[in-house]
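Heads up: the sequence shown begins at 20 in our numbering, then just goes up one per residue. Built from N, CA and C at the ideal position, the CB exists for glycine as well. Computed from a prediction, not measured in an experiment: that's the story for all the values here. Data block below; observations after.
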Amino acid sequence: MNRDKNENDMSNIALAYCRKSEEDKKRQVLSLNDQVNECNKLIKDYSLNLIVPHFKEEKSGRKAGVRTEFYRMLNLLKAGKAKVVVCWNANRLARNMIDGSEIIDLVQHKGLRIITPYTQYDLSNWFMLLIEFGMSTDFSLKLSKDVKRGLESKVAKGIKPGLAPIGYLNVGEVKGEKTVTNDPERFDLVKRWWQMILTGQYTVDESLAAITKLGLRDRRGNPVSRTASFSLFHNVFYAGYFNFQGEVHKGIQEPVVTLEEFNKAQKIITGKFSGRYIDRTEIRTLPLSGFIKCGECSSTITSERKTKTYKNGTSREYFWYRCKKNKGVCTQRSYTPADDLEGQVRTFISNLELNPRFIDWVRKVLKRRNRDEFEFEHKNKEVLTKRLHEIDGSKEKLFSMKIDGLYSEDEYKQKKAAILKEEADIKEQLNSDRISYWEQMIDNTLEFAGNILELFNTGDDYTKRMVLQILGSDLKLKDKKLYLEAKSVFMFLRNKQNELSEENGLVGLKKGPSHQSNQAEYDPSIHFGAGGGIRTRDLLFTKQLLYH
Numbered sequence: 020m021n022r023d024k025n026e027n028d029m030s031n032i033a034l035a036y037c038r039k040s041e042e043d044k045k046r047q048v049l050s051l052n053d054q055v056n057e058c059n060k061l062i063k064d065y066s067l068n069l070i071v072p073h074f075k076e077e078k079s080g081r082k083a084g085v086r087t088e089f090y091r092m093l094n095l096l097k098a099g100k101a102k103v104v105v106c107w108n109a110n111r112l113a114r115n116m117i118d119g120s121e122i123i124d125l126v127q128h129k130g131l132r133i134i135t136p137y138t139q140y141d142l143s144n145w146f147m148l149l150i151e152f153g154m155s156t157d158f159s160l161k162l163s164k165d166v167k168r169g170l171e172s173k174v175a176k177g178i179k180p181g182l183a184p185i186g187y188l189n190v191g192e193v194k195g196e197k198t199v200t201n202d203p204e205r206f207d208l209v210k211r212w213w214q215m216i217l218t219g220q221y222t223v224d225e226s227l228a229a230i231t232k233l234g235l236r237d238r239r240g241n242p243v244s245r246t247a248s249f250s251l252f253h254n255v256f257y258a259g260y261f262n263f264q265g266e267v268h269k270g271i272q273e274p275v276v277t278l279e280e281f282n283k284a285q286k287i288i289t290g291k292f293s294g295r296y297i298d299r300t301e302i303r304t305l306p307l308s309g310f311i312k313c314g315e316c317s318s319t320i321t322s323e324r325k326t327k328t329y330k331n332g333t334s335r336e337y338f339w340y341r342c343k344k345n346k347g348v349c350t351q352r353s354y355t356p357a358d359d360l361e362g363q364v365r366t367f368i369s370n371l372e373l374n375p376r377f378i379d380w381v382r383k384v385l386k387r388r389n390r391d392e393f394e395f396e397h398k399n400k401e402v403l404t405k406r407l408h409e410i411d412g413s414k415e416k417l418f419s420m421k422i423d424g425l426y427s428e429d430e431y432k433q434k435k436a437a438i439l440k441e442e443a444d445i446k447e448q449l450n451s452d453r454i455s456y457w458e459q460m461i462d463n464t465l466e467f468a469g470n471i472l473e474l475f476n477t478g479d480d481y482t483k484r485m486v487l488q489i490l491g492s493d494l495k496l497k498d499k500k501l502y503l504e505a506k507s508v509f510m511f512l513r514n515k516q517n518e519l520s521e522e523n524g525l526v527g528l529k530k531g532p533s534h535q536s537n538q539a540e541y542d543p544s545i546h547f548g549a550g551g552g553i554r555t556r557d558l559l560f561t562k563q564l565l566y567h
């Protein structure tokens, strides 16, 4: 039965991706041929048109940049050659957030639809892909204390964590042990660019035009943008230092200028040296820059950095968020301190974060429900397996009856087709693992919901944005207040947690002030409607959780 109708000429153009690596052999992952068969069923069911043969990969998806077939498929999607990807499971597409973000970006901005035997992913539920790609498990673990300790170790050695700025390169094979060296293509040009500014004879725009003519390009081969050029001249990395977690550290990189020259350049650029112009530098290092809309005019909320120099020679940087006002008249005049805005985000996250004891309770409810489901599934598969053996005998019997002349060729083909169809349907049911799939998805969601504040606090800028995208939508800033709407699944879990706390008098589950001890005993055996109707309420809760 066809489930979808063509909405436009591209809506049924599809690609199919199958992957099974060495690490998958230790888990219950379908073989490549079985994945191909599953994809073919989806292609038929949804009336899709496969424009190239299935992409078949035998490499791990845990690391970015290693899967040839995946990037071949990605290039076709970016070129707009297809709007649908079919696969056995979304985790076949990516098990790391770099490749995963590429897929998510296509879903968000190119209208990509991903179809699996269990569900579909599109613009309405794309955030579930983040959880599927490992945001709640592998990715959060990478932001654990061990990784934090590793970053601090790099800083102590004078190595700036993250991507080196233009003019420098990150070198090394092992992630976490890379260092920084001069870029032979760009280092001298960047040094010359700084010398232009230090003469006081060039504005940033004029020097950018001059250095572009001399051949300076970014890593992608494009001319350096105006925004990037201002960021470059405000980056103390070029003076042999770097910022990390609000503190300045001495770096091992070869400086382009001295610290004195760096400070002189800041005066030139801000106009205090020559009075040529004043530029309030827009920066993109703040995690929420360009991510929130103005609550009044819908312009993008951007960020600014201002440095205040004191008479004793010391200085301090201040970071602010403000409306860009690029969509017409806007009366918003206030600047929101970065710490205040991020504090509001942490309050929002804290109100959604689940108590570990409640998570244990939910898992017990699901386990209780799944025990019944698995018992039924096991018995049903026993019946299907028995019928499969009977079909093998029927095929042999049918062939013998044809040989004996009891069936004509047409009768034989007709009866054989019916038997093969029944056999294929049974094998499909036997291979189905729908219960385990949704159980894992819910478990990942719970794991994420129990650690979101730590993930936001310890994550980099990209992680902070991803956390907010998973949790909420329609982020707006007005009169220094952040407004956002929580995703329904997290509101549902939070409300259930509050409901359980109120019904059973449990302390410590709800956020907020309390005069009682939050170490009270918690009985995970307590369930909604304790004393009767356990199975019915468990089923209701499970359905509510699945469809939020």
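Contact between residue 174 and residue 263 holds, since their C-beta atoms are separated by about 5 angstroms, short of 8 angstroms.
Comparing C-alpha distances from residue 309 to each of 276, 340, 349 and 286 shows the shortest one belongs to 340.
For residue 486, the secondary structure class from DSSP, reduced to helix, strand or coil, is helix.
Spatial neighbours of residue 80 in its own chain (CB-CB distance under 8 angstroms, excluding positions within 5 residues in sequence) are listed in chain order as 38, 40, 86, 89, 110, 111, 112, 113, 114, 115 and 118.
Contact check for residue 92 against residue 142 fails: the beta carbons are separated by 8 angstroms or more.
The beta carbon of residue 215 lies closer than 6 angstroms to those of 221 and 226 in the same chain, with the five residues before and after it left out. Distance from residue 95 to residue 123 at the Cβ level is roughly 17 angstroms; contact not present, criterion being Cβ atoms closer than 8 angstroms. Counting every other CB atom within 10 Å of its CB across the protein chains shown gives residue 267 a total below 16, marking it as exposed.
Straight through space, the alpha carbons of residue 68 and residue 353 are spaced by roughly 53 angstroms. One thing to note: residue 471 has its Cβ no nearer than 8 angstroms to the Cβ of residue 438. By the C-beta density criterion, residue 337 is exposed, having fewer than 16 other C-beta atoms within 10 angstroms.
For residue 201, the uninterrupted beta strand (DSSP E) segment begins and ends at 198-201.
Residue 128 sits exposed, since fewer than 16 C-beta atoms from the chains shown fall within 10 Å of its C-beta. With respect to the 8 angstroms criterion, residue 307 and residue 371 are not classified as neighbours on the basis of their beta carbons. Residue 185 and residue 209 do touch by the CB rule: their CB atoms are close to 6 angstroms apart, below 8 angstroms.
Judged by DSSP in its simplified three-state form, residue 268 adopts strand. Unbroken beta strand (DSSP E) runs of no fewer than 3 residues, entirely contained in the stretch 70-105, are found at 74-76 and 103-105, following chain order.
With 16 or more other Cβ atoms from the protein chains shown falling within 10 Å of its own Cβ, residue 183 counts as buried.
Around residue 498, the same chain offers 353 as residues with beta carbons nearer than 7 angstroms, after the five sequence neighbours per side are excluded. Counting along the chain, no beta strand (DSSP E) covers residue 117; the unbroken alpha helix (DSSP H) around it starts and ends at 116-128. It is roughly 15 angstroms from the alpha-carbon of residue 364 to the alpha-carbon of residue 506. Distance from the CA atom of residue 76 to the CA atom of residue 36, rounded to whole angstroms, is 8 angstroms. Separation of the CB atoms of residue 133 and residue 65 is rounded to 12 angstroms, and the pair is thereby denied contact status at 8 angstroms. Note that the C-beta distance between residue 305 and residue 516 is not below 8 angstroms.
Collapsing the DSSP output to three states places residue 351 in coil. Closest by C-alpha distance to residue 313, out of 71, 324, 346 and 332, is 346. With at least 16 other beta carbons inside 10 angstroms of its own, residue 321 counts as buried. Residue 413 holds the alpha-carbon nearest to the alpha-carbon of residue 435 among 424, 375, 413 and 495.
A distance of 8 angstroms or more separates the beta carbons of residue 289 and residue 258. For the options 29, 30 and 106, the alpha carbon positioned closest to that of residue 50 is the one of 106. The three-state secondary structure of residue 362, taken from DSSP, is helix. The residue among 431, 204, 180 and 246 with its C-alpha nearest the C-alpha of residue 235 is 204. As computed with DSSP, residue 336 is found in a beta bridge with 326.
The Cβ-Cβ distance between residue 488 and residue 152 does not fall below 8 angstroms. In summary, residue 433 is exposed, with fewer than 16 beta-carbon neighbours lying within 10 Å of its beta-carbon over all protein chains present.
Collapsing the DSSP output to three states places residue 504 in a strand.
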